Amino acid sequence: MEAGVAARDRTAVVIVAAGRGTRAGDGLPKQWRDLAGVPVLARSVAAFRGFARVIVVLHPEDMAPGLSLFQGRVVLVAGGATRDESVRNALETLDGSGLTHVLIHDGARPLVSDRVIDGVLAALDGAPGAAPALAVTDSLWRGENARVLGTHPRDGLFRAQTPQGFDLSAILAAHRSHPGGATDDVAVAQAAGLDVAITEGEEENIKITWPEDFIRAERLLGKDGARMDIRLGNGYDVHAFCEGDHVMLCGVRVPHDRGLLGHSDADVGMHALTDAIYGALAEGDIGRHFPPSDPQWKGAASEIFLAHAAELLRAKGYRLSNADVTLICERPKIGPHAVAMAAELARILGVAPDRVSVKATTSERLGFTGREEGIASIATVALVSA
Ligand code: MG
978 MEAGVAARDR
988 TAVVIVAAGR
998 GTRAGDGLPK
1008 QWRDLAGVPV
1018 LARSVAAFRG
1028 FARVIVVLHP
1038 EDMAPGLSLF
1048 QGRVVLVAGG
1058 ATRDESVRNA
1068 LETLDGSGLT
1078 HVLIHDGARP
1088 LVSDRVIDGV
1098 LAALDGAPGA
1108 APALAVTDSL
1118 WRGENARVLG
1128 THPRDGLFRA
1138 QTPQGFDLSA
1148 ILAAHRSHPG
1158 GATDDVAVAQ
1168 AAGLDVAITE
1178 GEEENIKITW
1188 PEDFIRAERL
1198 LGKDGARMDI
1208 RLGNGYDVHA
1218 FCEGDHVMLC
1228 GVRVPHDRGL
1238 LGHSDADVGM
1248 HALTDAIYGA
1258 LAEGDIGRHF
1268 PPSDPQWKGA
1278 ASEIFLAHAA
1288 ELLRAKGYRL
1298 SNADVTLICE
1308 RPKIGPHAVA
1318 MAAELARILG
1328 VAPDRVSVKA
1338 TTSERLGFTG
1348 REEGIASIAT
1358 VALVSA
């Protein structure tokens, strides 16, 4: 499905999430709420892989959480007072980009499938606009005060979904000349006389609006085994002993007659765990995200690294199922601190303590750990697509 005019590498995606709607309950706008452990908006973004550019339009007050969630992997644009204005702000940033097409998607539709997206891209071969929809199959009534006043023919009626795809310059021109007040971009395209093809939508491509929509969406995620993706990662780290009176291990300060040598706080257990998460995500290692050549990480608390990896796994649509960390040393004794260490790691990761294990072993006085020259650590994590 990649050969068409609107190939992913020439197409931008605009994800509109500037609303402050709290109808879905919980006080937080729905796109920021967790759906099976991952923010709705992160799921909506994760559905669009391989596109030339992904722009997320946020309420101006949401720019800081947006930066923290996406860490520069998408372009953030501040929305306007209305939906039209928000979309137009994003489209204006694409003027002169050389891209040919754009898909405009509602940030509250996190379950959009490759099939729906590919259908829109394919239809853009034959029309300047294309959008998914479902034919109305239920009977339609007019009513008032819980009484039926009459029926309405359903022939030729469709329920519109997103992403709505367009020739980029055509939809930009249409937005520039539109007076405002459109409920979606097909309405803007129609006002400009653009031909819009109807492609196949899916019942599962729901727009989360009400509290019960979260329950329905979680059920849809749960029953669809094909969406489940399990990723394992491992990490290994070593730090040498040096002069000192304590070591930092898994976020716990343990008194000792030596310290650990390192650029940061030399928390060997936390480093192994952080690398295991980066490894599961195929995102390199700590050194790539926090270069040791950068003086700002000198003496840094390793919590920064682990918290970053935890944010990244959530932003990429995963949740941590479990983590297992082994510390390898003769001394200090780890056992008395193991529960506190697991609890601290769980706190930073934002998971229940029973999902994190910290244990220790000696190397029977063999090798560098046996000679008490340093401490080694290995860690394993399992991430599950959420
Ligand atoms: Mg290290």
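Be aware that the sequence shown starts at 978, since it is given in the working numbering, and climbs by one per residue.
Cβ coordinates follow ideal geometry from the N, Cα and C atoms, glycine included.
Source: prediction; values computed, not measured.
Sort out for me which residues DSSP pairs residue 1011 with in a bridge.
Its beta-bridge partners are 1016.
So what does residue 1324 bridge to, in DSSP terms?
Looking at the DSSP assignment, residue 1324 forms no beta bridge with any residue, so it has no partner.
Closer than 5 Å from C-beta to any heavy atom of the ligand MG: which residues, in chain order?
Listed along the chain, these residues meet the criterion: 1214 and 1248.
Identify whether residue 1307 lies in helix, strand or coil by the three-state DSSP scheme.
Coil at residue 1307, not helix or strand.
Leaving out five residues on either side along the sequence, give the residues of the same chain with a beta carbon under 8 Å from the beta carbon of residue 1261.
Cβ neighbours of residue 1261 beyond the five flanking positions: 1255.
Just verifying my parser: in three-state terms, what is the DSSP assignment at residue 1301?
The answer is strand: DSSP assigns residue 1301 an E or B state.
Rounded to a whole number of angstroms, what is the C-alpha to C-alpha distance between residue 1280 and residue 1228?
When rounded, the distance between both Cα atoms is 7 Å.
Give the single residue among 1304, 1295 and 1110 whose Cα lies nearest to the Cα of residue 1012.
Ranking 1304, 1295 and 1110 by Cα distance to residue 1012 puts 1295 first.
Since I believe residue 1070 is in contact with residue 1051 (beta carbons under 8 Å), could you give me their beta-carbon distance rounded to a whole number of angstroms?
Not a contact, Cβ separation roughly 12 Å.
Measure the alpha-carbon distance for residue 1074 versus residue 1029 and round it to whole angstroms.
Going from the Cα of residue 1074 to the Cα of residue 1029 covers about 10 Å.
Identify the residues that DSSP records as bridge partners of residue 1336: which are they?
Note: residue 1336 sits in a beta bridge opposite 1303.
Can you tell which of 1195, 1289, 1142 and 1278 has the C-alpha that lies nearest to the C-alpha of residue 1088?
Of the listed residues, the one whose Cα sits closest to residue 1088 is 1195.
In this structure, how does DSSP classify residue 1216 when only helix, strand and coil are distinguished?
In this structure, residue 1216 counts as strand in the three-state DSSP scheme.
Rounded to whole angstroms, what is the Cα-Cα separation between residue 1062 and residue 1056?
Going from the Cα of residue 1062 to the Cα of residue 1056 covers about 7 Å.
Does residue 1316 pass the burial test, meaning 16 or more other C-beta atoms within 10 Å, or should it be called exposed?
Exposed, by the Cβ-count rule.
Rounded to whole angstroms, what is the Cα-Cα separation between residue 1375 and residue 1066?
The chain is shown only over 978 to 1363; residue 1375 falls outside these bounds and no answer can be derived.
Just list the residues that DSSP pairs residue 1210 with in beta bridges.
Answer is 1358.
Drop a sphere of 10 angstroms on the beta-carbon of residue 1306, count the other beta-carbons inside from all chains shown, and report buried for 16 or more, exposed for fewer.
Classification for residue 1306: buried.
Roughly how many angstroms lie between the CA atoms of residue 1170 and residue 1179, to the nearest whole one?
The straight-line gap from Cα to Cα measures roughly 27 Å.
Out of curiosity, what's the CA-to-CA distance linking residue 1190 and residue 1145?
Those two C-alpha atoms are separated by around 32 Å.
May I ask which residues mark the beginning and end of the alpha helix (DSSP H) holding residue 1247?
That run of the alpha helix (DSSP H) goes 1245-1257.
Per DSSP, residue 1225 is paired with what?
DSSP, once it has assigned bridges, lists 1230 as partnering residue 1225.
If we call anything under 8 Å between Cβ atoms a contact, is residue 1300 one with residue 1332?
Yes, the Cβ-Cβ distance between residue 1300 and residue 1332 is below 8 Å.
For residue 1115, which three-state DSSP category applies?
Residue 1115 falls in the coil class under three-state DSSP.
Look at residue 1182 and residue 1116 and say whether their C-beta atoms are less than 8 Å apart.
No, they are not a contact pair.
Please name the residue in 1277, 1100 and 1037 whose C-alpha comes closest to that of residue 1239.
Checking every option, the nearest Cα to that of residue 1239 belongs to 1277.
Return helix, strand or coil for residue 1347, following the three-state DSSP convention.
Three-state result, residue 1347: helix.
Are at least three pairs of beta-carbons, each pair with one atom in the segment 1107-1124 and one in the segment 1148-1158, less than 8 Å apart?
As far as the Cβ criterion goes, the segment 1107-1124 does not touch the segment 1148-1158, which means the pair count is below three.
Out of curiosity, what's the CA-to-CA distance linking residue 1202 and residue 1363?
Its pLDDT being 46, under 50, residue 1202 is placed unreliably by the model, and nothing is read from it.
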